[in-house]
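Residue numbers (full-length UniProt numbering): 1 to 1055.
This is the structure:
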């Protein structure tokens, strides 16, 4: 085979002095305007068609696009002329194509890469979104794509620039991550039209972007904004998808047009050059799925370059055209040594015109966004278990399948929710299949680590977001296994769907722990896609160890009856009307036709006919005396001339104007309108939590005033949203959890306070959103407080750093705002907060959402959208999701924290809870009829994977890496921390070597470029990041907010 490759190389005259990367670049000429012609294609990994439809060129009636033909055609044309260049971005498509190629074609591609004629830019599995994507998933999908390129092409396959030409806004954290991965530059296509105008006027289209103040210059990256998004100059698209005139150089033809075409091209080049600071400009020659017939492009580009250079030489125009790449353009700009403006904020929100703010996609398709988060949890779990359990290498292919699916999900038309409906279904199909296959690894790993292989537990993946789990619903005894991916001890509320009855929960040591049975709220039971008979949820608090698997044994036990008779008590309605039902387990209001007989009833004996109720319904256990003037009782402190009658379920207590939920950390006050106050030992914060909805603008999109709200665009038709009024309010109180339940026709809330936890949990359901009135609606939750924030609020950047936002302002340019609602929305991937001198209110989210603070003291988060019109940005469909023939129902969760912004311990705790919300434990439920409780106790039901990490340290990555392992540790706080590699319990680290963030380069081989800047970054770390001695005793330092990546030699510890 080697001989065959050699002969092929010789037959085509392959030079022996091959050079790739910067060394392959055409030399620029001083004193000339150097025009870098960059042939490229932008291949969406799903959008209007599915991934496979795009690759194979299927369904061309939707869009004429076939990626396999692009790559076939480009390779053929590059091979014919060594001057030609091409760049490719999406490794997902390239790898699919590569795996189907012959050895001959692969050799040609290797040659083209080694000579720098085919260069990879970006190089991740997909061109990821920067608003809804979480930093861990971004790192993972870059690592996955770059590993494929590295393993295949070596150093010549390492991309040097990021290529984010189509995402709808750009995040500061992404810039930081790219810099830490070793990229030298980043090119952007879309920025806000006002921002772009200001940058053009000030020649600030290229800048040095500081990605993170804490990390300082180690997060700096050159960033260039492309002049024409990513399209060719108008009139110069030479593609089968375009209608532009070719360059006709036959002087005998009446169509001869060389002079005319070259003159028009030179006019465009001159215009573009006026907005950049060096004698170099980059021209993107390509577009969406272009180059399916690459010959059309290269024939015309060859002529364009030839005749422009001839005219320049003849007329003394001081201009030179040549084939190039973004890498070579960047190197040329660096050599020109310009002084660059700087940037420290981000590029959100993005607007393409005065009424088109691309802020709707922050929320679009919320169930897809949640599923992506769930997919990430499964991916981290199976990667970890493969290492911790020392599983066989053949499992790797199913983990790789999940990596690929998650990489696809990061695409800027996947997690964003901006694809056609059938494509959204296909994304979900791919991810669901990959998760299910990867559970092979999970089941093997849990079985091995718990020493339970012989019992063959089924480890069911339950649909807990719908309160559905076949195993727990059908079994008299079952085992709940919980995986904690975090490196510290956590307390986690666990809710397991069950049938009504009494249950006992046992910890791994055989100790019976406290649990609570709650009925499943009606809105959950009514979710159209829910296929479950469960009527209740069994709730308990799990104490989880770092990187652990902990199992609990649950038995359904025979209830001890006390003669309870469930009867219709409508006859006594008038007597007990002023009372509400309250108890440890269940609450209802006195408004239904039937209620269970309460555990105890209290009320003036003149109002309730106790004798008759005793005779018909209850057994009297004892008579308790209480003061006769006691008007209401929340708890059974009972007394004179009143009876306490015991049965099996709730209590009736007199209705109060206000209700309280409380634990050892806080008290939550509520009334009939919802939550009103959060009461802490040292302060009280007013808080009103309520759903509202915006009505979306509807128009024909013929001009900007007729813009519709759609998958991309949020454009409400009013300046205030409509409130959603709750029509019922209920309370549940118990030893584990206390709840306020509020319901309306279209949205419902359960507010929870758990024993031992400092946050309020808001479990909500929205939908089906009614559209019978032919009006689309966008639902938000408002947390209105008395915090004085002066229009300032804070949102995360991809789940990591925090950015300050100011209502109606942008940090670097003067804002004119036609859309004051949508224009103040920002992506919220992990959390949003506002604060004053004494109070910070933080809301943690379980998926990406759009958010703002539109009124003083208010946090607004959009949680669901249903629209009836397209916004005319390409999808061609309204965002109108249907499930089971009805509008989509969304169940989500927020956690609300009230902390002191001056208390470091509380701030660190908030950061931990943000990570715990993102990394909620994975729960499996297994049948246990085949194993006795005594036998179960002999298993390893509490596997501990590592010692507890210090505050501030997070184990971001643990996965196999050929015969080694890849480890990332992250510092999530604002001060340095020490880390010890000897923290794992089942493996021993023998040696480590540090890499760049994406693990495709040794850190010692990477040198960061320095740039001249107009002004130094203020209030930012300016120290150069040294490479410390991390080998000493396998201990090292993590600077504030630093992530460090290592490849480690290791061995499994003896059992």
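Beta carbons are placed, not taken as given, at the ideal position from N, Cα and C, and that holds for glycine.
It should be emphasised that the depicted structure is a prediction, and the values quoted were computed from it without experimental measurement.
Buried/exposed call for residue i, threshold 16 Cβ in 10 Å
| i | result |
| --- | --- |
| residue 120 | buried |
| residue 722 | exposed |
| residue 60 | exposed |
| residue 256 | exposed |
| residue 838 | exposed |
| residue 617 | Residue confidence for residue 617 is low, a pLDDT of 37 falling below 50, so the modelled location carries little weight; the figure read from the coordinates is stated next. Buried, since its Cβ has 16 or more Cβ neighbours within 10 Å. |
| residue 51 | buried |
| residue 87 | buried |
| residue 397 | exposed |
| residue 780 | buried |
| residue 488 | buried |
| residue 727 | exposed |
| residue 106 | exposed |
| residue 1018 | exposed |
| residue 860 | buried |
Length of the line joining the Cα atoms of residue i and residue j
| i | j | result |
| --- | --- | --- |
| residue 572 | residue 733 | Low confidence applies here, because residue 572 scores a pLDDT of 37, under 50, leaving its location unreliable; read the following figure in that light. In a straight line, the C-alpha of residue 572 is about 25 Å away from that of residue 733. |
| residue 508 | residue 466 | 27 Å |
| residue 752 | residue 1035 | 42 Å |
| residue 918 | residue 749 | 21 Å |
| residue 891 | residue 269 | 52 Å |
| residue 934 | residue 1005 | 57 Å |
| residue 1002 | residue 148 | 16 Å |
| residue 774 | residue 866 | 11 Å |
| residue 972 | residue 955 | 11 Å |
| residue 187 | residue 221 | 10 Å |
Cβ distance (whole Å) where residue i is taken to contact residue j below 8 Å
| i | j | result |
| --- | --- | --- |
| residue 880 | residue 551 | In fact, because the Cβ distance is near 43 Å, the residues do not count as touching under 8 Å. |
| residue 308 | residue 265 | 6 Å |
| residue 885 | residue 771 | Going by Cβ atoms, the distance from residue 885 to residue 771 rounds to 14 Å, so no, they are not a contact pair. |
| residue 1037 | residue 996 | No, residue 1037 and residue 996 are not in contact; Cβ-Cβ is about 18 Å, not under 8 Å. |
| residue 718 | residue 695 | 6 Å |
| residue 143 | residue 998 | 5 Å |
| residue 184 | residue 330 | 6 Å |
| residue 137 | residue 376 | 5 Å |
| residue 90 | residue 45 | 6 Å |
| residue 424 | residue 402 | In fact, because the Cβ distance is near 19 Å, the residues do not count as touching under 8 Å. |
Range of the contiguous beta strand (DSSP E) that encloses residue i
| i | result |
| --- | --- |
| residue 660 | 659-662 |
| residue 838 | Where residue 838 is concerned, there is no enclosing beta strand (DSSP E), given that its DSSP letter is neither H nor E. |
| residue 827 | 826-828 |
| residue 328 | Looking at the DSSP string, residue 328 is not in any beta strand (DSSP E); the run it does join, the alpha helix (DSSP H), is 326-336. |
| residue 683 | 683-695 |
| residue 93 | Counting along the chain, residue 93 falls outside any beta strand (DSSP E), though it belongs to the alpha helix (DSSP H) covering 91-98. |
| residue 47 | First-last for residue 47: undefined, no H or E at that position. |
| residue 779 | 777-785 |
| residue 73 | Run containing residue 73: none in the beta strand (DSSP E); it sits in the alpha helix (DSSP H), 67-80. |
| residue 741 | 737-743 |
C-beta atoms of residue i and residue j nearer than 8 Å
| i | j | result |
| --- | --- | --- |
| residue 224 | residue 116 | no |
| residue 478 | residue 927 | yes |
| residue 201 | residue 168 | no |
| residue 410 | residue 133 | yes |
| residue 713 | residue 356 | yes |
| residue 333 | residue 292 | no |
| residue 294 | residue 74 | yes |
| residue 360 | residue 709 | yes |
| residue 754 | residue 663 | yes |
| residue 858 | residue 782 | yes |
| residue 534 | residue 520 | yes |
Range of the contiguous alpha helix (DSSP H) that encloses residue i
| i | result |
| --- | --- |
| residue 386 | 366-388 |
| residue 404 | 396-409 |
| residue 302 | 294-315 |
| residue 933 | 933-937 |
Near the ligand ZN: residue i beta-carbon under 7 Å from a heavy atom
| i | result |
| --- | --- |
| residue 485 | The ligand ZN is absent from the structure shown, which contains no ligand whatsoever. |
Residue i at chain D interface by Cβ criterion, 8 Å
| i | result |
| --- | --- |
| residue 811 | No chain D appears in this structure, which consists of one protein chain only. |
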